[in-house]
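Visitor: Using this note's numbering, the first residue of the sequence shown is number -7, and each one after it goes up by one.
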Amino acid sequence: MYCDGHIHILPAMDNGPVSVHDSVAMLRMLRESNVHRLVITPHYYADRESCNSFLLRRKYRYQELLRAARSASVPMLPCLLSAEVEFSRGISKEPLLEKLMVPKTRYLPMNFSLGKIDRWIVAELAYMMHKRKIYPIICNMERHMIYDHPKDYETIASFPYAVYQIGINAMKDIHISHAVFRLIRNGKTVICGSNAHDPFRRPPVTAHLQEQIIELHGYSVYKTLTLRTNAFFNEAFS
Ligand SMILES: [Fe+2]
-7 MYCDGHIHIL PAMDNGPVSV HDSVAMLRML RESNVHRLVI TPHYYADRES CNSFLLRRKY
53 RYQELLRAAR SASVPMLPCL LSAEVEFSRG ISKEPLLEKL MVPKTRYLPM NFSLGKIDRW
113 IVAELAYMMH KRKIYPIICN MERHMIYDHP KDYETIASFP YAVYQIGINA MKDIHISHAV
173 FRLIRNGKTV ICGSNAHDPF RRPPVTAHLQ EQIIELHGYS VYKTLTLRTN AFFNEAFS
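(1) Taking all protein chains shown into account, do 16 or more other C-beta atoms lie within 10 angstroms of the C-beta of PRO95, making it buried, or fewer, making it exposed?
(2) To the nearest whole angstrom, what separates the beta carbons of GLU116 and ILE83, a pair I think is in contact under 8 Å?
(3) Output the residues surrounding ligand 1, defined as those with a CB atom closer than 5 Å to any ligand heavy atom, in chain order.
(4) Enumerated in chain order, which unbroken segments of the alpha helix (DSSP H) with a length of 4 residues or greater are wholly contained in the region 139 to 207?
(5) Please state the DSSP three-state secondary structure of HIS136.
(6) Curious, which full-length alpha helix (DSSP H) runs of at least 4 residues does the region 58 to 135 contain?
(7) Does the separation of the CB atoms of ASP144 and LYS108 fall below 8 Å?
(8) In this structure, what does DSSP give as the bridge partners for VAL16?
(9) Is the region 71 to 89 close to the region 192 to 211, with three or more CB pairs under 8 Å?
(10) Start and end of the beta strand (DSSP E) containing TYR(-6)?
(11) Beta-carbon within less than 8 Å of VAL66's beta-carbon, same chain only, minus the 5 sequence neighbours each way: which residues are those?
(12) What distance in whole Å lies between the Cβ atoms of LEU89 and ILE126, which are believed to be in contact at a cut-off of 8 Å?
(13) Let me check understanding here. Comparing Cα to Cα, which of ARG53, GLU41, ARG29 and ARG59 lies closest to GLY8?
(14) When we look at the beta-carbon of ASN187 and count the other beta-carbons within 10 Å, is it buried (16 or more) or exposed?
(15) Output needed for MET137: all residues of its chain with C-beta closer than 6 Å, excluding positions within five of it in sequence on either side, in chain order.
(16) By the 10 Å Cβ neighbour count, where 16 or more other Cβ atoms means buried, how is HIS(-2) classified, buried or exposed?
(17) Taking the continuous beta strand (DSSP E) assigned at ARG29, which residues delimit it?
(18) In angstroms with no decimal places, state the Cα-to-Cα distance between SER80 and ALA228.
(19) Can you tell me whether VAL27 is buried or exposed? The criterion is at least 16 other CB atoms within 10 Å of its CB, across all chains shown.
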C-alpha cells in the first residue's frame, strides 16, 4: 500500500493531465498499482494568479474529476487537496497560504528553484515558520541532489523543521538513494511522491517500479519509505 504524497491529477489545472479522461486514466493506473491515498498538489504561482482564483479552480477541477470518476465507475481514492507552491519573493505574506497547506497539518509543499539559497529566501522561510507556523515540504528533493552545488544542497538539506519529498522513481539512482539514506540518518523526515503529471510521459507509480525499487534496495527499504510517508500523512487522512 502506497500513499502518493505529490501528484498532479486534476484536469486542466496546471501542466498535469489536459483532460478529465486522462485524469481518470491516471486514477485507474493508481488503483492497479495498489496506491491507496493521494495528496493532490497542483502548481501554484503567486506571481501569475491570486490565491483565491487558484482555490476556486482547484475546487471546480476536483468536482469535475469526482463526476468523471463516478460515471466511469472508477472509485475515487481518499485524497487531500493541497498545492505545490512555487517559492517566490513575498510568498510568506500571502494571506491565504494556510489554505494551500496539507489539510490538518502545518505543512506546505513548496518547490524551490535550483541554485543558491539567497538571504531573501532565508528571510521568507523564517517569517513563514516563526510568525505563521507554516513549515515547508520541499518538493522534488532529488533535483537538488543532482543539480545543486554541494554547498547549496547542504543548505537546503539542513533547513530546520523541513520535510523532504523524494520521487520514488529517483530511488532507482544509486547516488540519489544514498543521499536519501543520509537525510534519514540525519533525522530528517523523508516522504515519497510520484510527481506524476499524466498517464503517458510522466505516469503515476506502477507496480513494476515498486518491484524495481524492492529488487534494488530490498523490501525493508521500500517498506520504510512508504511507511514513513503513510505515517506522516496519517493524521491528515483521519
Ligand atoms: Fe509537482
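Glycine is no exception: its CB is placed at the ideal position from the N, C-alpha and C atoms.
Guide: Looking at the coordinates:
(1) As a first step, residue 95 is located in the sequence shown; it is residue number 103 there, counting from the start. Exposed: under 16 other Cβ atoms inside 10 Å.
(2) Against the sequence shown, residue 116 aligns to sequence position 124. Against the sequence shown, residue 83 aligns to sequence position 91. With 8 Å as the limit, GLU116 and ILE83 qualify as a contact, their Cβ atoms being about 6 Å apart.
(3) Those residues having their beta-carbon less than 5 Å away from any non-hydrogen atom of ligand 1 are, in chain order, GLU76 and ASN187.
(4) 142 to 149 and 166 to 177
(5) The sequence position of residue 136 within the sequence shown is 144, counting from 1. Residue state, collapsed to three classes: helix.
(6) The region 58 to 135 is shown to contain whole alpha helix (DSSP H) runs of 4 or more residues at 111 to 118, in chain order.
(7) By 1-based counting over the sequence shown, the position of residue 144 is 152. By 1-based counting over the sequence shown, the position of residue 108 is 116. Taking 8 Å as the Cβ cut-off, ASP144 and LYS108 qualify as a contacting pair.
(8) In the sequence shown, counting from the first residue as 1, residue 16 sits at position 24. Per the DSSP secondary-structure output, VAL16 pairs with nothing in a beta bridge.
(9) no
(10) Indexing the sequence shown from 1 puts residue -6 at position 2. For TYR(-6), the uninterrupted beta strand (DSSP E) segment begins and ends at -6 to -1.
(11) The residue given as residue 66 occupies position 74 in the sequence shown. So the qualifying residues of the chain are VAL16, LEU19, ARG20 and ARG23.
(12) Counted from its first residue, the sequence shown places residue 126 at position 134. Counted from its first residue, the sequence shown places residue 89 at position 97. Right, their Cβ atoms sit about 6 Å apart.
(13) By 1-based counting over the sequence shown, the position of residue 8 is 16. Of the listed residues, the one whose Cα sits closest to GLY8 is ARG53.
(14) Numbered from 1 along the sequence shown, position 195 holds the residue referred to as residue 187. Under this definition ASN187 is a buried residue.
(15) Taking the sequence shown and counting its residues from 1, the one referred to as residue 137 is at position 145. Taken in chain order, the residues that qualify are ILE168 and ALA171.
(16) In the sequence shown, residue -2 corresponds to position 6, counting from 1. So HIS(-2) counts as buried.
(17) Taking the first residue of the sequence shown as 1, we reach residue 29 at position 37. Unbroken beta strand (DSSP E) run through ARG29: 27 to 32.
(18) Locating residue 80 in the sequence shown gives position 88, where the first residue counts as 1. Locating residue 228 in the sequence shown gives position 236, where the first residue counts as 1. Going from the Cα of SER80 to the Cα of ALA228 covers about 26 Å.
(19) Position 35 of the sequence shown, counted from the start, is the residue given in the question as residue 27. Its Cβ being crowded by 16 or more others within 10 Å, VAL27 is buried.
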